[in-house]
Structure formats: structure tokens, C-alpha cells
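Engineer: Start counting the sequence shown at 1; every next residue gets the next number (the numbering used here).
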Amino acid sequence: MENKVPDILLIYTGGTIGMVKDYKSNALKPFDFENIKVKIPELKLLDCKIETTAFPNPIDSSDMSPEYWMKIAEIIESRYEDIDGFVVLTGTDTMSYTSSALSFILENLSKPVIFTGSQLPIGDLRTDAKENLITAIQVASAQQNGQAIVQEVGLYFEYKLYRANRTTKVSSEQFEAFESANYPNLGESGVHLNFNEPWLIRADKSKPLMLNKNFDAKVLILKLFPGISESIVRHILNCPDLEGVILETYGAGNALTAEWFTEILSTTIDKGIPVINVTQCVSGGVMMGHYESSVHLKKTGVISGKDITTESAVAKLKLLLGKKTPSKKFKILFETPLRGEMN
Ligand code: ASP
Numbered sequence: 001m002e003n004k005v006p007d008i009l010l011i012y013t014g015g016t017i018g019m020v021k022d023y024k025s026n027a028l029k030p031f032d033f034e035n036i037k038v039k040i041p042e043l044k045l046l047d048c049k050i051e052t053t054a055f056p057n058p059i060d061s062s063d064m065s066p067e068y069w070m071k072i073a074e075i076i077e078s079r080y081e082d083i084d085g086f087v088v089l090t091g092t093d094t095m096s097y098t099s100s101a102l103s104f105i106l107e108n109l110s111k112p113v114i115f116t117g118s119q120l121p122i123g124d125l126r127t128d129a130k131e132n133l134i135t136a137i138q139v140a141s142a143q144q145n146g147q148a149i150v151q152e153v154g155l156y157f158e159y160k161l162y163r164a165n166r167t168t169k170v171s172s173e174q175f176e177a178f179e180s181a182n183y184p185n186l187g188e189s190g191v192h193l194n195f196n197e198p199w200l201i202r203a204d205k206s207k208p209l210m211l212n213k214n215f216d217a218k219v220l221i222l223k224l225f226p227g228i229s230e231s232i233v234r235h236i237l238n239c240p241d242l243e244g245v246i247l248e249t250y251g252a253g254n255a256l257t258a259e260w261f262t263e264i265l266s267t268t269i270d271k272g273i274p275v276i277n278v279t280q281c282v283s284g285g286v287m288m289g290h291y292e293s294s295v296h297l298k299k300t301g302v303i304s305g306k307d308i309t310t311e312s313a314v315a316k317l318k319l320l321l322g323k324k325t326p327s328k329k330f331k332i333l334f335e336t337p338l339r340g341e342m343n
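1. Going by C-alpha distance, which of Glu77, Asn185, Leu319 is nearest Asn196?
2. How far does the alpha helix (DSSP H) with Arg234 in it extend, from its first residue to its last?
3. Could you spell out the range, first to last residue, of the alpha helix (DSSP H) harbouring Asn347?
4. If you run the structure through DSSP and keep just helix, strand and coil, what is Gly18?
5. Per DSSP, which residues does Asp7 bridge with? Please list them.
6. Apply the 10 Å Cβ neighbour rule to Leu45 and answer buried if 16 or more other Cβ atoms are within range, or exposed otherwise.
7. For Thr309, name the three-state secondary structure that DSSP assigns.
8. Just tell me which of Lys4, Phe31, Ile50 has its CA closest to the CA of Gly14.
9. How about Asn211 and Tyr80: are their beta carbons less than 8 Å apart?
10. Just to check, is the beta-carbon of Thr94 closer than 7 Å to a non-hydrogen atom of the ligand ASP?
11. In chain order, which beta strand (DSSP E) runs of at least 3 residues are fully inside the segment 225-296?
12. Can you check whether the CB of Pro112 is closer than 8 Å to the CB of Met19?
13. Going by other Cβ atoms of all chains shown within 10 Å of its Cβ, with 16 needed for buried, is Thr336 buried or exposed?
14. In whole angstroms, give me the CA-to-CA distance for Met287 and Thr249.
15. If distances are taken between C-alpha atoms only, which option among Gly123, Gly91, Leu10 comes closest to Ile76?
16. Report the residue from Thr310, Leu256, Gly272, Gly244 whose alpha carbon sits nearest the alpha carbon of Lys318.
17. Compute the minimum distance between the beta carbon of Ser61 and the heavy atoms of the ligand ASP, and state whether it is under 7 Å.
18. So does Thr167 have its beta carbon nearer than 7 Å to some heavy atom of the ligand ASP?
19. Do you know whose CA, among Lys316, Ile149, Ile83, Val170, lies nearest Glu51's CA?
20. Just how far apart, CA to CA, sit Ser180 and Val139?
21. Taking Cβ positions, are Val150 and Leu200 nearer each other than 8 Å?
22. Answer yes or no: the CB of Gly14 versus the heavy atoms of the ligand ASP, is any distance below 7 Å?
23. Under 8 Å, do Leu242 and Leu256 count as touching if we go by C-beta distance?
24. Residues in the same chain with beta-carbon distance under 8 Å from Lys323, minus the five sequence neighbours each way, listed in chain order, please.
25. Is Lys117 near the ligand ASP, going by C-beta to nearest heavy atom under 7 Å?
26. State yes or no: is the C-beta of Gly123 nearer than 7 Å to some heavy atom of the ligand ASP?
27. Since Phe178 and Leu161 should fall inside the 8 Å C-beta cutoff, what is the C-beta to C-beta distance between them, to a whole number of angstroms?
28. Applying the criterion that 16 or more other CB atoms from any shown protein chain within 10 Å of the CB defines a buried residue, is Glu311 buried or exposed?
29. What do you reckon, is the C-beta of Gly340 under 7 Å from a heavy atom of the ligand ASP?
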């Protein structure tokens with residue numbers, strides 16, 4: 001039987017990668033993405049069939065929202081049967097949020113969904129867009145014994161493939177813009193494209209893809225800093241719309257021990273609003289109770305985010321709130337890895 005080449009769908013949502021410089025005004029503007037093969041003729045040499053689709057009005061990733069996350073998910077769902085791998089192009093600024101969210105929206109995913117973008121526009125002489133795009137397509141096409149090697153949401157950038165929900169954007173200047181501090185890279189591109197197989201998710205293909213569509217819960221990231229004001233914290237946590245809080249704490253999950261702070265947290269949790277403890281540190285995680293300065297958090301019922309990233313915590317919190325998870329189960333579910341997002 002003749003081997004069929006993989007069908008890849010490129011989904012362009014916006015961001016630097018799809019921009020060119022207008023040499024008259026010197027400003028970056030989106031180009032017609034349907035012409036991507038003209039801009040990167042090398043794409044024709046790849047051993048796969050590439051289709052493209054683009055948002056009608058490409059956005060800067062600062063404008064990303066759950067509504068757009070759902071649009072990406074629905075495009076993937078609509079082509080899931082006939083496409084072997086998806087490459088999603090977004091701006092890098094919020095790519096870790098978007099790709100983490102997609103990992104939670106796409107339940108029972110067993111095909112590659114690879115996010116990428118670039119620091120310099122495709123038309124720039126020194127662009128990183130070509131390598132990122134070409135290799136992301138190769139990652140999405142990679143198969144072994146007729147099965148996709150990657151069966152999860154990945155993020156490919158500057159020679160490295162990461163689990164998307166483990167990433168954070170760490171540089172607005174370096175080509176190496178992302179990091180996965182708490183989980184090994186899933187692959188690396190050198191002379192060969194190598195996958196770190198033991199660390200990849202092996203999906204259960206018997207279950208059909210399902211979309212978790214309710215991602216509108218109103219959540220807040222509250223980053224602690226020395227001198228944080230009681231009146232402001234009180235005001236924010238009293239907002240009637242608030243449904244969940246990510247508390248960005250110090251070090252191994254530590255926070256101020258002032259009585260007012262414990263009291264506000266405990267009132268918030270008593271109202272049924274989950275509070276998740278995530279560390280401000282780039283690597284490592286939360287160990288509540290390890291220091292005196294986190295015992296009060298544990299006692300009030302704050303949930304441990306362990307070694308999850310803030311970006312992933314936002315998505316997971318929205319997922320569990322959207323599923324109307326009862327408060328009794330919330331802690332146990334949040335502290336359980338659902339998509340390989342925590343150890
Ligand atoms: N501001 C752009 C965006 O995130 C930056 C980029 O594409 O890298 O949409």
C-alpha cells in the first residue's frame with residue numbers, strides 16, 4: 001500500500017510571524033496568510049500536504065481571549081477526522097496562555113497541535129519565523145509506525161519542543177523566548193529532529209475528541225509583593241463577580257502572615273471561591289507547610305498549585321469552574337495532573 005503523506009492544517013491567528021514591514025511607514029502589518037507558500041517556498045519541499053486557514057482579522061496576541069481560544073478549538077474539531085497534525089500560529093506574548101488553555105479545552109486529544117510564532121516577522125532578513133514554522137510542521141507531521149509521535153499540545157520555538165502547558169515566555173529579545181523550567185523538553189531540533197519519547201503523553205485513542213467549551217469563569221491573578229495594601233486586596237477579593245483566584249506567592253508558596261490577610265483569604269474561600277497557590281519563582285513549586293509563612297494558607301484551605309505555571313493555572317481554574325466542579329472535589333481535582341501540567 002502506498003504511504004500517505006500527513007495532512008497538516010496551519011491556523012494563523014495573528015502575531016509577528018505573519019507580518020511584513022511596510023517600508024514606507026516602517027510599521028509592521030499583517031500580510032495575506034494564504035500567500036505563505038510564496039513567502040516561504042521551502043514549505044513546498046516538506047513531506048506533507050499543507051492547508052492553511054486564517055482568522056479573517058488577525059489579532060495581536062494581547063487581544064487573545066477565551067472566545068478566540070474556542071475559535072481555534074472549533075477549527076481543530078471541524079477538521080479533526082481528516083487532518084493528521086495542526087500547527088497554530090499566534091503572537092508570542094500570550095502564546096503560553098493560549099496553548100495551555102487549548103490543552104485543557106481539547107479533551108482526549110490524540111493528534112499533534114503545535115503552537116509556534118516568531119520574534120521577527122517573516123519578511124525580515126534575520127527572521128526566526130522560517131525555522132520555527134518549518135520545524136513545527138515537521139513536528140506535527142512526525143509519525144512512527146503510522147502513529148503521530150506527538151499526541152498532545154506542544155509549543156515549538158528556537159530548536160526546542162516543549163509541552164505547551166509547561167511553558168512561560170521569558171524573553172522579548174532573545175530568539176529563545178520560552179522556557180519549560182519544571183518539565184523536560186519534548187524534543188530538540190539539531191542535525192536531526194529528536195523526540196524525548198519517555199516524556200511524551202501517550203493518548204488513549206479509543207476516546208473521541210471533546211471540547212470543554214465553558215471557559216468564561218471570572219478569575220484573578222493576585223501577585224503578592226512586600227507592602228501590598230489591605231484595602232486594595234479586600235476590595236478586589238470582595239468583587240461580586242469573582243469566581244476564582246490564583247495567588248502568586250513567594251518561594252515555596254509563602255505569603256505574609258498578617259491577620260488581615262488570613263482573614264480575607266478565609267472569607268473568600270468560605271464564599272466558595274477557590275484560591276490557588278502558585279509560586280512567583282520561574283522554577284520549582286509550592287510546598288505549603290514547609291515554612292511557617294505558608295502554614296496559615298494551608299489551614300484556610302488554599303489549594304496547592306504545586307509546580308504549575310501561572311498561565312496553566314489560569315486555564316485549569318477556568319476549566320474546573322466551567323465544569324461546575326463542586327467545592328468538595330475542587331482541591332483534589334486541581335491538585336491532580338489532568339494534562340501533564342504538574343508533577
Ligand atoms: N505582540 C506580538 C504578539 O504577541 C508579539 C509576537 O508576535 O511575538 O502578538
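Every residue, glycine too, gets a C-beta built ideally from N, C-alpha and C.
Small disclaimer: the values here were computed from a predicted structure and weren't measured.
Structural biologist: So, from the data block:
1. Working through the sequence shown from its first residue, we reach residue 196 at position 196. Closest option to Asn196, judged by alpha-carbon separation, among Glu77, Asn185, Leu319: Asn185.
2. Here residue 234 refers to the residue found at position 234 of the sequence shown. For Arg234, the enclosing alpha helix (DSSP H) stretches over residues 230-237.
3. This structure cannot speak to residue 347, because the chain is shown only from 1 to 343.
4. Within the sequence shown, residue 18 is the residue found at index 18, counting from 1. DSSP places Gly18 in helix when its eight states are reduced to three.
5. Reading the sequence shown from its first residue, position 7 is the one you call residue 7. DSSP lists Lys49 as partners of Asp7.
6. If you number the sequence shown from 1, residue 45 lands on position 45. With fewer than 16 Cβ atoms within 10 Å of its Cβ, Leu45 is classed as exposed.
7. Taking the sequence shown and counting its residues from 1, one reaches residue 309 at position 309. Three-state result, Thr309: coil.
8. Here residue 14 corresponds to residue number 14 of the sequence shown, with the count starting at 1. Of the listed residues, the one whose Cα sits closest to Gly14 is Phe31.
9. Here residue 211 refers to the residue found at position 211 of the sequence shown. Here residue 80 refers to the residue found at position 80 of the sequence shown. It should be noted that the sequence gives Leu, not Asn, for residue 211. Leu211 is not a Cβ neighbour of Tyr80, given a cutoff of 8 Å.
10. As a working mapping, residue 94 is identified with position 94 in the sequence shown. Yes, the Cβ of Thr94 comes within 7 Å of a heavy atom of the ligand ASP.
11. 244-249, 275-279
12. Counted from its first residue, the sequence shown places residue 19 at position 19. Counted from its first residue, the sequence shown places residue 112 at position 112. Contact: no.
13. For this step, residue 336 is matched to residue 336 along the sequence shown. Its Cβ having fewer than 16 others within 10 Å, Thr336 is exposed.
14. Residue numbering aside, residue 287 sits at position 287 when the sequence shown is read from its first letter. Residue numbering aside, residue 249 sits at position 249 when the sequence shown is read from its first letter. Their Cα atoms are separated by approximately 11 Å.
15. Taking the sequence shown and counting its residues from 1, the one referred to as residue 76 is at position 76. Taking only the C-alpha atoms, the option nearest Ile76 is Leu10.
16. Position 318 of the sequence shown, counting from 1, holds the residue named residue 318. Looking at the Cα atoms, Gly244 is the closest of the given residues.
17. In the sequence shown, the residue the question calls residue 61 occupies position 61. Flag set: Cβ of Ser61 near the ligand ASP.
18. Stepping through the sequence shown from its first residue, residue 167 is reached at position 167. For the ligand ASP, not one heavy atom lies less than 7 Å from the Cβ of Thr167.
19. For this step, residue 51 is matched to residue 51 along the sequence shown. Measuring C-alpha to C-alpha distances from Glu51 to each of Lys316, Ile149, Ile83, Val170 identifies Ile83 as the nearest.
20. Taking the sequence shown and counting its residues from 1, one reaches residue 180 at position 180. Taking the sequence shown and counting its residues from 1, one reaches residue 139 at position 139. Taking C-alpha positions only, Ser180 is separated from Val139 by approximately 18 Å.
21. The residue you call residue 150 lines up with position 150 of the sequence shown. The residue you call residue 200 lines up with position 200 of the sequence shown. In contact: Val150 and Leu200 (Cβ atoms closer than 8 Å).
22. Start at 1 with the first residue of the sequence shown, and residue 14 comes out as number 14. Gly14: yes, Cβ under 7 Å from the ligand ASP.
23. For the purposes of this step, residue 242 is taken as residue 242 along the sequence shown, with counting starting at 1. For the purposes of this step, residue 256 is taken as residue 256 along the sequence shown, with counting starting at 1. Contact: no.
24. Along the sequence shown, one-based indexing puts residue 323 at 323. Closer than 8 Å at Cβ, skipping near neighbours: Asn212, Asn214.
25. Along the sequence shown, read from residue 1 onward, the residue named residue 117 stands at position 117. Looking at the sequence itself, residue 117 is Gly, so the reference to Lys does not match. Yes, since a heavy atom of the ligand ASP falls inside the 7 Å radius drawn around the Cβ of Gly117.
26. Walking along the sequence shown from the start, residue 123 turns up at place 123. No, since every heavy atom of the ligand ASP falls outside the 7 Å radius drawn around the Cβ of Gly123.
27. Counted from its first residue, the sequence shown places residue 178 at position 178. Counted from its first residue, the sequence shown places residue 161 at position 161. Phe178 to Leu161, Cβ: 10 Å. No contact.
28. Position 311 of the sequence shown, counted from the first residue, corresponds to residue 311. Glu311 comes out buried.
29. Here residue 340 is taken as the residue at index 340 of the sequence shown, counted from 1. No, Cβ of Gly340 sits at least 7 Å from all heavy atoms of the ligand ASP.
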